[in-house]
Amino acid sequence: MQQKALEIVKSQKENKLGEEKAAELLGQPERQWDAFYRTQSNKFFKDRQWIIKEFPELDPRHSRNEGKSKITVLEVGCGVGNTAFPILNEIPDDGKFFLFSSDYSQEAVNVLKANDKYDSRRMQAFCWDITEEIPTDPENPSNFPQKGQLDYVICVYILSAIHPEKIKIALKNLTDLLKPGGMILMKDYGRYDLTQLRFIEDNLYCRGDGTLVYFFELDELNGLMEEVGLKKLRAHVDKRLIVNRETKVKMYRRWIQNKKTLLRLTCETLKYRPVFDEILKDQDGLALLSDPAVKHNVNLAYVLLYEYLVGPGLNRASPKLKGAVMKRAKQLKDLERQLAEENRGIDSVKNSEEQDTVQIPRYARINTLKWTNEEALKSLEEEKWTVVRMDSESKFATKAGNLKTDEVLIDPDVENLLVFKTSSNFHEYWMVKEKYLILQDKASCLPAFLLNPPLGSQVFDCCAAPGMKTSHLAAILGNQG
Numbered sequence: 001m002q003q004k005a006l007e008i009v010k011s012q013k014e015n016k017l018g019e020e021k022a023a024e025l026l027g028q029p030e031r032q033w034d035a036f037y038r039t040q041s042n043k044f045f046k047d048r049q050w051i052i053k054e055f056p057e058l059d060p061r062h063s064r065n066e067g068k069s070k071i072t073v074l075e076v077g078c079g080v081g082n083t084a085f086p087i088l089n090e091i092p093d094d095g096k097f098f099l100f101s102s103d104y105s106q107e108a109v110n111v112l113k114a115n116d117k118y119d120s121r122r123m124q125a126f127c128w129d130i131t132e133e134i135p136t137d138p139e140n141p142s143n144f145p146q147k148g149q150l151d152y153v154i155c156v157y158i159l160s161a162i163h164p165e166k167i168k169i170a171l172k173n174l175t176d177l178l179k180p181g182g183m184i185l186m187k188d189y190g191r192y193d194l195t196q197l198r199f200i201e202d203n204l205y206c207r208g209d210g211t212l213v214y215f216f217e218l219d220e221l222n223g224l225m226e227e228v229g230l231k232k233l234r235a236h237v238d239k240r241l242i243v244n245r246e247t248k249v250k251m252y253r254r255w256i257q258n259k260k261t262l263l264r265l266t267c268e269t270l271k272y273r274p275v276f277d278e279i280l281k282d283q284d285g286l287a288l289l290s291d292p293a294v295k296h297n298v299n300l301a302y303v304l305l306y307e308y309l310v311g312p313g314l315n316r317a318s319p320k321l322k323g324a325v326m327k328r329a330k331q332l333k334d335l336e337r338q339l340a341e342e343n344r345g346i347d348s349v350k351n352s353e354e355q356d357t358v359q360i361p362r363y364a365r366i367n368t369l370k371w372t373n374e375e376a377l378k379s380l381e382e383e384k385w386t387v388v389r390m391d392s393e394s395k396f397a398t399k400a401g402n403l404k405t406d407e408v409l410i411d412p413d414v415e416n417l418l419v420f421k422t423s424s425n426f427h428e429y430w431m432v433k434e435k436y437l438i439l440q441d442k443a444s445c446l447p448a449f450l451l452n453p454p455l456g457s458q459v460f461d462c463c464a465a466p467g468m469k470t471s472h473l474a475a476i477l478g479n480q481g
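In UniProt numbering, the protein residues as written are 1 to 481.
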């Protein structure tokens with residue numbers, strides 16, 4: 001597929017846009033966008049109903065936002081509200097979410113503000129070229145986001161609309177607005193995504209309406225992000241071959257996404273299985289199970305009940321599955337409420353979990369294939385963890401049981417093993433996500449630790465799944481064996 005795309009790129013270069021026209025587009029791109037929105041108004045783009053499904057972190061109820069009283073978000077390139085309005089439609093109007101929306105085109109902002117759905121209590125739209133300093137208003141500073149204020153920046157098909165020489169400046173401006181730990185959620189065009197384009201210079205094209213589009217390589221984008229101080233949490237290329245069945249035209253599509261993903265759904269769902277089993281015994285629960293969309297799949301029913309009653313909602317479910325729950329939503333909530341009155345509901349599971357796990361430590365093995373023990377401890381200290389070492393008179397159980405939330409204990413027995421206070425969100429910590437730390441309990445570490453094979457050894461793991469011991473052995477062998 002990529003070879004075919006390369007051939008098309010070569011063909012486009014031979015049909016290069018004239019220098020005079022290219023200079024006009026590069027010099028005053030805002031004119032093209034204003035003209036576009038004057039012509040199209042709000043009739044061109046479809047609403048991005050997928051936005052919360054793609055970026056569930058935007059929901060204040062998401063586990064990443066636990067403990068935050070309010071989420072503040074900036075959407076750049078807001079256009080006429082095709083992202084903003086679907087977001088506000090999905091998120092409760094309870095004062096815990098505020099959205100800034102900016103666009104390069106004043107025409108687009110005008111159309112957005114004229115929409116009946118525009119709610120100044122929940123959002124603020126303004127015109128901003130993100131390659132320039134953000135506007136300020138000393139008399140009304142809340143009209144614009146301030147440096148260090150934002151939890152998230154949404155950047156969907158925006159960087160590709162900027163001349164490549166200015167992309168780094170734009171990223172720096174956006175990064176400055178983030179709180180420590182804030183995230184840029186982006187989706188954009190990958191190289192060889194071939195729509196109807198005219199070549200200007202390498203990977204920079206113009207569309208038929210005169211607007212610019214740039215196509216990224218993943219490594220190139222990762223490098224730009226790192227240069228402005230961002231850490232990659234997740235990035236992947238989505239490749240698709242789209243065929244128009246009527247015209248038989250093939251379109252090679254590539255999107256690049258940088259985002260953090262959720263790894264807790266299965267374990268979290270099973271925590272609440274006793275509650276869900278009780279609900280599914282009831283007539284309304286049985287009706288959910290027998291719904292044509294659920295097809296008596298009890299595991300699917302567990303997930304739907306979790307997402308609806310405990311999780312961030314059913315944004316990620318298909319319309320049919322969402323409908324299966326919503327048509328009996330009141331009855332399901334009433335059933336859970338009845339269980340809660342008997343101390344058998346969702347809160348009882350949460351409270352029980354807190355009591356049961358408060359003294360149980362979380363083990364994590366330093367992945368020495370990625371960095372050394374010293375580098376790991378230094379990085380933890382730089383991130384404000386307090387590294388605790390055992391002394392000869394300390395009892396391990398007491399020490400581990402009394403760890404504070406910002407402390408990490410070096411295990412006294414197993415080399416490169418760390419002990420943390422239990423955290424329900426630890427799967428989402430970047431060191432774990434990027435495999436710098438491997439979540440592995442002490443018992444699982446003992447076989448490889450006790451075997452301690454010398455470099456170059458050949459080891460056969462007869463019970464390898466899920467691979468913890470094997471990866472530990474590989475680390476001890478330094479991948480030499």
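In this text, a Cβ means the ideal position worked out from N, Cα and C, and glycines have one as well. As the structure is a prediction and not an experimental result, all values here were calculated from the model.
Ranking E75, E383, A108, F126 by CA distance to the CA of N143 puts F126 first. The residue among T83, D116, D94 with its C-alpha nearest the C-alpha of F100 is T83. Less than 8 Å divides the Cβ of D347 from the Cβ of A340.
Around the beta-carbon of V298, fewer than 16 other beta-carbon atoms lie within 10 Å, marking it exposed.
In the three-state scheme derived from DSSP, where H, G and I count as helix and E and B as strand, M390 is classed as coil.
Taking C-beta atoms as the reference points, Y152 and L185 count as a pair closer than 8 Å.
For K179, the three-state secondary structure derived from DSSP is strand.
Shown here for T136: same chain residues with a beta carbon closer than 8 Å to its own, the five before and five after excluded, namely F144 in chain order.
Shortest Cα-Cα distance from L477 to any of A464, L417, G95, Q458 involves Q458.
In the same chain as Q480, and ignoring 5 residues on each side of it, the C-beta atoms closer than 7 Å to its own belong to L455, G456, in chain order. Excluding the 5 residues flanking it on each side, E415 has no same chain C-beta neighbour closer than 6 Å. If you draw a 10 Å sphere on the C-beta of L450, you find fewer than 16 other C-beta atoms in it, and that means exposed. In its chain, beyond the 5 residues on either side, L288, L300, A301, L304, L321, A324 have a beta carbon closer than 8 Å to the beta carbon of V294. Between the region 390-410 and the region 434-446 there are fewer than three inter-stretch CB-CB distances shorter than 8 Å, so the stretches are not counted as touching. Within the region 291-325, no beta strand (DSSP E) run of at least 3 residues lies entirely inside it.
Every unbroken stretch of the alpha helix (DSSP H) spanning 4 or more residues and falling wholly within the UniProt domain "SAM-dependent MTase RsmB/NOP-type" (352-481) is given here in chain order: 373-382, 396-401, 430-433, 442-451, 468-477. Fully contained in the region 93-135 are the following beta strand (DSSP E) runs of length 3 or more, in chain order: 97-103, 123-127. Here the alpha carbons of G285 and E434 stand approximately 39 Å from one another. Bridge partners of Y152 according to DSSP: V73, M183. When only Cα atoms are considered, Y272 and E278 end up about 10 Å apart.
Short of 6 Å from the beta carbon of V80, and not among the five residues preceding or following it, lie these beta carbons of its own chain, in chain order: N42, A108, V111, L112. Buried is the label assigned to C155, since at least 16 other Cβ atoms lie within 10 Å of its Cβ. Here the C-alpha atom of L439 lies approximately 30 Å from the C-alpha atom of G345.
Here E307 is buried. Its C-beta has 16 or more other C-beta atoms within 10 Å.
Remark: C-beta atoms of A329 and P361 do not approach each other more closely than 8 Å.
Residue P60 holds the alpha-carbon nearest to the alpha-carbon of S69 among P60, S290, M123. Ranked by Cα distance from A161, the first of S105, Q124, H296, E381 is S105.
Distance from the Cα of T368 is smallest, within the candidate group L473, M390, D93, for L473. Cβ neighbours of F98 within its own chain (closer than 6 Å, five residues either side excluded): T72.
Counting the other Cβ atoms within 10 Å of the Cβ of D291 gives 16 or more, which makes it buried.
In the three-state DSSP reduction, R48 falls in the coil class, being neither helix nor strand. Ranking R48, H427, N65 by CA distance to the CA of I87 puts R48 first. Closest in alpha carbon position to N452, among D391, K469, K187, Q124, is K469. Distance from the CA of D129 to the CA of E342, rounded to the nearest whole angstrom, comes to 57 Å. In the three-state reduction of the DSSP assignment, G285 falls in the helix class.
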